[in-house]
Structure formats: structure tokens, C-alpha cells
Amino acid sequence: MTPLAGLLPDGIASALGLAPAFRGRQVFRWIHRGIESFAGMSDLPAALRSSLDSRADILTSRVDSRSESEDGSVKLRIRLHDGAAIEAMSLQDGRGRRTACLSTQAGCGMGCAFCRTGLMGLVRDLAAHEIVEELLHLRRETGDVGTIVFMGMGEPLLNPGPVAAAVGVFAHSDGPGMSLRRTTISTCGIVEGIRRLAEEGPAVRLAVSLVSAVPGTRAALMPVSRANPLPALREALGFYQERTRRRVTLEVVLIDGVTDRAEDAEALVEWAASLGVMVNLIPWNPVTEIAFRESPPQRVRWFKERLEAARVPVTERLRKGRGVNGACGQLAVIEG
Ligand code: SAH
Ligand code: SF4
3 MTPLAGLLPD GIASALGLAP AFRGRQVFRW IHRGIESFAG MSDLPAALRS SLDSRADILT
63 SRVDSRSESE DGSVKLRIRL HDGAAIEAMS LQDGRGRRTA CLSTQAGCGM GCAFCRTGLM
123 GLVRDLAAHE IVEELLHLRR ETGDVGTIVF MGMGEPLLNP GPVAAAVGVF AHSDGPGMSL
183 RRTTISTCGI VEGIRRLAEE GPAVRLAVSL VSAVPGTRAA LMPVSRANPL PALREALGFY
243 QERTRRRVTL EVVLIDGVTD RAEDAEALVE WAASLGVMVN LIPWNPVTEI AFRESPPQRV
303 RWFKERLEAA RVPVTERLRK GRGVNGACGQ LAVIEG
């Protein structure tokens, strides 16, 4: 069976040997309108519809469970064809606009000390169709989304091909039609991947989980920084901004006494100012298995003001989806 969700119209036509080629576009449009059976594709000839039934899959995954938090955020646990499980979130802001938070791998091998997904280890990379299917499930369950962020499980820049293919599908005007400016890839700081993204695209927004600009602190929390030290990361971000003319966002997870100290603020000001980047502060979301504490609100305010005083553009992320363990860094499927 050929999985279709990760393909563009031409890809569908050639994978299925469809002639004339516009049949690929018809199938593509139906898939992204949310039709889940070939029988429902009413402008295809009946013989083609029934032959597609035995040759191709619109969805290879299914929703195992859905949980909703008080703020309207919805978390889906999605079961893949081989039994692996991932999670995808639909986060809702105060005006009812939705952001899809998608996974790019089942689990994650990067082992960041503050992250729940990191506890799982890497199960496997997702295929393009599995990433696209996350959005199809979310749209069915919660309606359309206005923004896509690759901030679920996994490290997107270690699975670049499928992520790029999914972005291409999301951007297609016969499909979700998602602008690249409304699509963000978040990376823990893979230098090689950032350079490649700058050179080859897709031209999405880039966010980097800096967490701390103090080398020893970052190294202790994020094993990735051993092979991708701060000076090399800074150079890669400079290159990215120069090439793409887009401002990068640094994500800073505030952990009480660990990443919210005066020295973290000073180092961050220096880092952010030298690159001209924005900073997004994320109060650490509690994870039962991890013995950190979130920064108290007054400390978050102090940290923010310190950046503002140095004219670093700074935003604070809302604590969405906490009630369903679906906030950033709380996504994990631990089965036993
Ligand atoms: N692997 C990528 C994308 C997924 S993690 C990356 O690391 O950027 C998405 C975001 O959640 C990152 O900014 C990460 O720093 C943050 N994060 C991880 N664990 C967290 C936690 N417990 N509380 C708050 N943010 C967390
Ligand atoms: Fe992986 Fe990102 Fe979590 Fe680090 S923060 S373990 S890179 S998902």
C-alpha cells in the first residue's frame, strides 16, 4: 500500500501511475479537505476509486486518545502503523486561533536534562506522511490551524528530508496553504542542520533552544552542545540570518536556580544582542520524573526586564496545554 499524505499532487499521480495527471491534484485536494476514504472522492471515476482502495492509504496512523485541557488545548496520542506512538497538540490562544505542535520523531535521542521526551530516547524518525497525518488528525479533531510549529517530540533537523517534504505539503495552495512565515522549526542547535536549512530551505522560521548562554550550564543540560558548542552555534545563526534575512528566535527555558540566574541573563543579553535575535522565555513545565523547579513568576519578570533593559526583543510563552501534559517538553509516550 502506498501512503499518500506526504506527497504533492505530482507525487501522488506518479506513485499511483494516474493518467491524466490532474487526478493527482484531485486526490491531493480531497485528502486535505479531510476526506478519509476513496469512496468519498466524488469526482474520480468509480473504477479508479475502488482500485485505489486496495493500492493506497490516505491515513496509516490512528488517534489512540484525545485529551483536552481547560484552556482549549487538545493533545492527541497517535498510533503509527508499526505500533510506535507519538503525540501532537493543538494549542489555542485567547482569540481561539489554533497552533499545531507537531512531532518529527518518535521519542528523541538528544537527552536534554529538562525534557520529558528526552527521557524516552529515540524510537525512530517519522516519515513525511506520518508528519502530515498529524495535521490531518488535528484538523479533524479541532478544526483548522493558523500556525504550525515543529516543537513536539524529536529533533526536526535530524530528520530533515521528511520535515521538508511535510512543509511542502502544508504550503501547497491546493492543500493546507500554510505560509512558510507561519511555520516554525525548533532545533536544539544542530549546527550542520542550521547551515543546510539556510542554504537549501525550506524558508521557514527558525527557533533555537538555547536554554542558557553560559557554556557550562548549557553543556550540563544539553549533551548536543558537546559536538555543537556555543561559538559554532552563534556562527551558524549569523550565517542563517544573513542568508535568509530572517530573524531567529532563541528559546530560553527558565528553570529555578539553573537557567534564571544573573549570569544566565548577562550571557544571554550578550549573545542575543550580538546576533540581533529575539528571545522567547518559556517557564519550565514540570515533569514528574525530573527534579527541577519552574522559575517563580517574579523571577521570570525580573529576567524579562533585564533583557528589555538591554533592548533585546523578548516575549513570554503562555503556559498552554499543561492540564493534559501537553505543554512543551511534556510530550512523551512512556508505556509499560
Ligand atoms: N527538539 C527541538 C524541538 C522540540 S522541543 C528543540 O529542542 O528545540 C520544543 C521546545 O520545548 C524546546 O524549546 C525545548 O527547549 C522546550 N522544552 C523541553 N522541555 C521543556 C519543559 N519541561 N518545559 C518547558 N519547555 C521545554
Ligand atoms: Fe529532544 Fe528537543 Fe527534548 Fe532536547 S528539548 S530532548 S532536543 S525534544
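In the numbering used here, the protein residues as written are 3 to 338. Ideal placement from N, C-alpha and C gives every residue a C-beta, glycine not left out.
Asked: Separation of residue 244 from residue 230, as counted between CA atoms; Found: 20 angstroms
Asked: Rounded C-alpha distance that separates residue 192 from residue 50; Found: 45 angstroms
Asked: Outcome for residue 300 when other beta-carbon atoms lying within 10 angstroms are tallied against a minimum of 16; Found: exposed
Asked: Cβ-heavy atom distance, residue 219 to ligand 2, below 7 angstroms; Found: no
Asked: Within 8 angstroms, strictly: CB atoms of residue 3 and residue 58; Found: yes
Asked: Burial state of residue 45 (16 or more Cβ within 10 Å); Found: exposed
Asked: Nearest residue (CA-CA) to residue 308, options 209, 266, 64 and 278; Found: 266
Asked: Cβ pair residue 152, residue 200 closer than 8 angstroms; Found: no
Asked: Close Cβ partners of residue 181 (< 6 angstroms) along its chain, the five nearest in sequence each way excluded; Found: none
Asked: DSSP three-state assignment for residue 3, whether helix, strand or coil; Found: coil
Asked: Cβ-Cβ distance between residue 195 and residue 138 below 8 angstroms; Found: no
Asked: Distance between beta carbons of residue 6 and residue 171, contact taken as under 8 angstroms; Found: Incorrect: roughly 10 angstroms between the Cβ atoms, too far for contact.
Asked: Cβ distance (whole Å) where residue 102 is taken to contact residue 140 below 8 angstroms; Found: 5 angstroms
Asked: Of the residues 92, 213, 37 and 206, the one placed nearest residue 351, counting alpha carbons only; Found: There is simply no residue 351 to check, as the chain begins at 3 and stops at 338 in what is shown.
Asked: Pick from 183, 32 and 47 that is closest to residue 21, judged by C-alpha positions; Found: 47
Asked: Segment contact, 8 angstroms Cβ cut-off, at least three pairs: the segment 270 to 277 with the segment 245 to 261; Found: yes
Asked: Between the CA atoms of residue 43 and residue 305 - distance to the nearest angstrom; Found: 54 angstroms
Asked: Cβ-Cβ distance between residue 104 and residue 133 below 8 angstroms; Found: yes
Asked: Three-way DSSP call (helix, strand, coil) for residue 216 in this model; Found: coil
Asked: Near ligand 1: residue 305 beta-carbon under 7 angstroms from a heavy atom; Found: no
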